[in-house]
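Reading through the structure tokens given below for one structure.
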Amino acid sequence: MKYWQYLARRLAGGVVSLIGLSIIIFIVSRILPGNPARMALGAMASEEQVQELTREMGLTQPLWQQYLGYMQGLLTGDLGRSLETKRAVSVDIVEYLPATLELITVSILLTIVIGIPLGVIAAQNKDGWIDHATRLIAFFSVSVPGFFIGILFQLIFGYLLDWFPITGRLSSRFSGEITQYTGFFLLDTLASGDILAHLNVWHHILLPALALSMAGMGQVMRLTRSSMIDVKNQDYVEAERGYGLPDWLVTYKYTLKNAFIPTLTVLGLLYASLLGNAFLIELVFSWPGLARYGITAVINNDFNAVVGVTMTIGVAFVGINFLIDMLLGRVDPRIRLQIEEAT
Amino acid sequence: MSTSRANLLDRLVSEQRRELWARAWKRFRSRPMSVVGLIIIVLVTLSALFAPVIAPYPGHAGKYTDFGSTLESPSVDHPMGTDHVGRDVLSRVLFGYRLSLMLAVVVLGIGVPVGVLLGLVAGYYGGWTETVIMRITDTALALPPLVMALAITSALQPTLWNAMLAVAALWWTWHTRLVQSIVSSERNEEYVQAAKLAGASAPHIMFREILPNCLSPILVKVTLDAGFVILIGAGLSFIGVGVQPPQPGLGTMVSQGTGYLPDSWWFAIFPGLAIFVLVMGFNMLGDGLRDVFDVEVDR
């Protein structure tokens, strides 16, 4: 099988998953006990109003027609109106998604700049105290509920040490000043040339991003460590040492490059799974992102919004995983070869 | 004669199996981490079972209020302090453990058998059966588990039982994947071919021949899963779609406690720590078991 065929097959698999997801969400939103129109209008509405909205929402059509209409909406980006915000769900998503993407991106960057060096150091000093510390952190990070890390960080770095603000994306004194070109505040503030506001955004994002990164941090450290140790014992590394190359060059250039491949896979999975944990972290830090919007929607039975958020996350999740597959094939010729040999 | 030989063979196999388990137990005991994990789980389970007896204020598990003693800091009377309506946090944590453990038991009790069965069928038969089953599992894995559970819960009333249903409805997929991957490599092994030639039925081969070889990875996965399920349940309760007040869900308590930070820190911190300790126990045990059986299982 050619590499591109492999990619095409992965892509098709992803699309099938998304169609499956849309069916599940559709079924879920239709088994709701009670009439969605009644729920939308509240108990005070008259019978005629309910009937009118029922017709308007297309709930009188047969189920398959409803599904087709719903799919058409999904594909054209028309997700209906949110009962909560009274705006089009797609408009809401465009507004809230950048905050979430910004948060998880900074979070994965923190995982990389903290997790990988610590993993390398742990491998260099196998069974030293840093090695043991990373093992402990790894255990800690998979056992602590995400929201609890957030609360602990707020308590320690917010209330106790007063180093970071504990809620929001930006101090109110800046909020009027910046133009939202992209919705990514880190970029918008730079584009406006407002360095103070830019730093203010960093100041706000670091704590929630760090809290969010904890879950995967341990995993990345341990994986980097074990693949560094695997690679370190290979002949070519021995040979480089024999040639008298300095230690740091062997470690950081030649060993890390190959040891990085398994870590890259995990980073991809992690990046996608952060979308899930963001639900908890955004709630704790009052982060005005998609996850918090989704939670409000779930609690208020705001179905159009729930469907919109779920499908957006599904697309992001499947999309990121596909990108990682693609990237891995580029970085590691062995994977490409394996795929080609597999047939 | 042939029956006696078959009996002998059976005896040999079962003896070998017993020896394998005995060796595993020995390896297990030599790992302090996994032993500590097991002790934590046993202690928590016992205290949850006997919560009505050992909790200092069993009445505080429910709708009790005592506005004379709200938000008291930890003391001898209330080792974990009291909450916003004057209930003993320790007592509520003990009862909260009951709900967490029940969640894990119900979700895994439904999810594991269903998942294993579908995995066996998919791996053994292959072809279309496999494609259909595995496509369905892929779909369930197209969202982070917490989001999926949240989406399913959104259509139902927010109760503990519905949260359990939602989590169970997607949990089988992991076990299907695990078992299917083992079975599809085992089905070409000689012992399976031999059983087929001997005329054994498909259920016999699946359950009696192949399944025993999947047991140790399943056991490891179930242990690690228990911690993960408890985390997801706590997350759902924290969001507000799981255990509802006045029931003492651990995640619910943390959520209520955040309103009283930083002054009354004990209200949110102790229930949070309680979740952490239990999940840590399962992870330590699972990690130890993974080494003992020498299997590769993802979280």
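Taken in sequence, the protein lines are chains U and F.
Start counting the first sequence at 1202; every next residue gets the next number (the numbering used here).
Start counting the second sequence at 97; every next residue gets the next number (the numbering used here).
We treat Cβ as the ideally placed atom computed from N, Cα and C, and that holds for glycine.
Assuming residue i and residue j are in contact, meaning their beta carbons sit under 8 angstroms apart, how far apart are those beta carbons, in whole angstroms?
i                 : j                 : result
Gly1278 (chain U) : Val1343 (chain U) : That pair is no contact at about 37 angstroms.
Pro241 (chain F)  : Ile328 (chain F)  : 6 angstroms
Ala236 (chain F)  : Ala259 (chain F)  : About 16 angstroms separates the two Cβ atoms, so there is no contact after all.
Ser1218 (chain U) : Val1519 (chain U) : 6 angstroms
Arg1211 (chain U) : Phe1523 (chain U) : 6 angstroms
Ala120 (chain F)  : Phe389 (chain F)  : 6 angstroms
Gly215 (chain F)  : His300 (chain F)  : At roughly 17 angstroms, the Cβ-Cβ gap does not stay under 8 angstroms, so Gly215 (chain F) and His300 (chain F) are not in contact.
Gly353 (chain F)  : Phe363 (chain F)  : 4 angstroms
Phe1358 (chain U) : Leu1408 (chain U) : 6 angstroms
Phe1349 (chain U) : Gly177 (chain F)  : Contact flag wrong, Cβ pair sits at about 17 angstroms.
Leu190 (chain F)  : Ala144 (chain F)  : 7 angstroms
Glu1303 (chain U) : Phe1386 (chain U) : 7 angstroms
Val318 (chain F)  : Val208 (chain F)  : 6 angstroms
Ala1506 (chain U) : Glu1285 (chain U) : 7 angstroms
Strictly below 8 angstroms CB to CB, what residues from chain B border residue i?
i                 : result
Tyr1360 (chain U) : Chain labels in this structure do not include chain B; the protein chains are U and F.
Can you tell me whether residue i is helix, strand or coil according to DSSP?
i                 : result
Thr1335 (chain U) : helix
Ala1289 (chain U) : strand
Thr1544 (chain U) : Annotation note: pLDDT 46 at Thr1544 (chain U) (below 50); position unreliable, no value reported.
Asp1442 (chain U) : Per the sequence shown, the amino acid found at residue 1442 (chain U) is Arg instead of Asp. Here Arg1442 (chain U) sits in helix by DSSP.
Thr348 (chain F)  : helix
Arg1282 (chain U) : strand
Thr1456 (chain U) : helix
Asp383 (chain F)  : helix
Thr1368 (chain U) : coil
Asp106 (chain F)  : helix
Thr354 (chain F)  : helix
Thr1261 (chain U) : coil
Thr1380 (chain U) : coil
Thr178 (chain F)  : strand
Asp184 (chain F)  : strand
Phe1385 (chain U) : coil
Met97 (chain F)   : The predicted model places Met97 (chain F) with a pLDDT of 46, which falls under 50 and marks its position as unreliable, so this point remains unresolved.
Pro1409 (chain U) : helix
Leu1450 (chain U) : helix
Trp121 (chain F)  : helix
Val391 (chain F)  : coil
Val140 (chain F)  : helix
Exposed or buried, residue i, counting other C-beta atoms within 10 Å across all chains shown (16 or more means buried)?
i                 : result
Tyr1382 (chain U) : exposed
Tyr287 (chain F)  : exposed
Tyr1444 (chain U) : exposed
Leu1475 (chain U) : buried
Tyr1207 (chain U) : buried
Gln1355 (chain U) : buried
Gln1266 (chain U) : exposed
Ile229 (chain F)  : buried
Asp1328 (chain U) : exposed
Asp1448 (chain U) : exposed
Cys224 (chain F)  : A small fix is needed here, since residue 224 (chain F) is Trp in this sequence, not Cys. Classification for Trp224 (chain F): exposed.
Pro148 (chain F)  : exposed
Phe366 (chain F)  : buried
Arg1493 (chain U) : buried
Phe146 (chain F)  : exposed
Lys159 (chain F)  : exposed
Lys122 (chain F)  : exposed
Asp1332 (chain U) : buried
Gly203 (chain F)  : In the sequence under discussion, the amino acid at residue 203 (chain F) is Val, which differs from the Gly named in the question. Val203 (chain F) comes out buried.
Gln343 (chain F)  : buried
Ala1568 (chain U) : With chain U represented from 1202 up to 1544, any question about residue 1568 (chain U) goes unanswered, as that position is not in the structure.
Phe163 (chain F)  : exposed
Gln276 (chain F)  : buried
Examine the ligand MG and report whether any of its heavy atoms sits within less than 6 angstroms of the Cβ of residue i.
i                : result
Pro313 (chain F) : The ligand MG is not part of the structure shown, which contains no ligands of any sort.
Contact residues within the segment 224-258 of chain F, judged by C-beta distance below 9 angstroms to chain U
Arg231, Ile232, Asp234, Thr235, Ala236, Leu237, Ala238, Leu239, Pro240, Pro241, Leu242, Val243, Met244, Leu246, Ala247, Ile248, Thr249, Ser250, Ala251, Leu252, Gln253 and Pro254
Any C-beta of chain F within less than 8 angstroms: which residues of the segment 1398-1419 of chain U qualify?
none
Is the segment 1431-1439 of chain U in contact with the segment 1286-1295 of chain U, if contact means three or more CB pairs nearer than 8 angstroms?
no
Short of 8 angstroms Cβ to Cβ, which residues in the segment 1465-1477 of chain U face chain F?
Ala1473, Ser1474, Leu1476 and Gly1477
Quick check: the segment 300-313 of chain F against the segment 321-335 of chain F, are at least 3 beta-carbon pairs closer than 8 angstroms?
no
Mind checking the segment 270-284 of chain F against chain U and listing, in chain order, the residues whose C-beta falls within less than 8 angstroms of any C-beta there?
none
Listed in chain order, which residues of the segment 325-342 of chain F have Cβ atoms closer than 7 angstroms to some Cβ of chain U?
Leu327, Ala330, Gly331, Phe334, Ile335, Gly336 and Val337
Taking beta-carbon pairs under 7 angstroms, can you tell me which members of the segment 363-376 of chain F lie near chain U?
Ala364, Gly368, Ile371, Phe372, Val375 and Met376
Is there contact here, the segment 1400-1414 of chain U with the segment 1299-1315 of chain U, by at least three beta-carbon pairs under 8 angstroms?
yes
Pull out every residue of the segment 1342-1358 of chain U whose Cβ sits closer than 8 angstroms to any Cβ of chain F, in chain order.
Val1343, Ser1344, Val1345, Pro1346, Gly1347, Phe1348, Phe1349, Ile1352, Leu1353, Gln1355 and Leu1356
Can you list, in chain order, the residues of the segment 1330-1341 of chain U whose Cβ is nearer than 9 angstroms to any Cβ on chain F?
Phe1340 and Phe1341
So does the segment 1524-1531 of chain U actually touch the segment 1309-1319 of chain U, counting three or more Cβ pairs closer than 8 angstroms?
no
Looking at chain F, which residues of the segment 1255-1280 of chain U have a Cβ within less than 7 angstroms of any of its Cβ atoms?
none
Stretch pair the segment 109-119 of chain F + the segment 1484-1491 of chain U: three plus CB contacts closer than 8 angstroms
no
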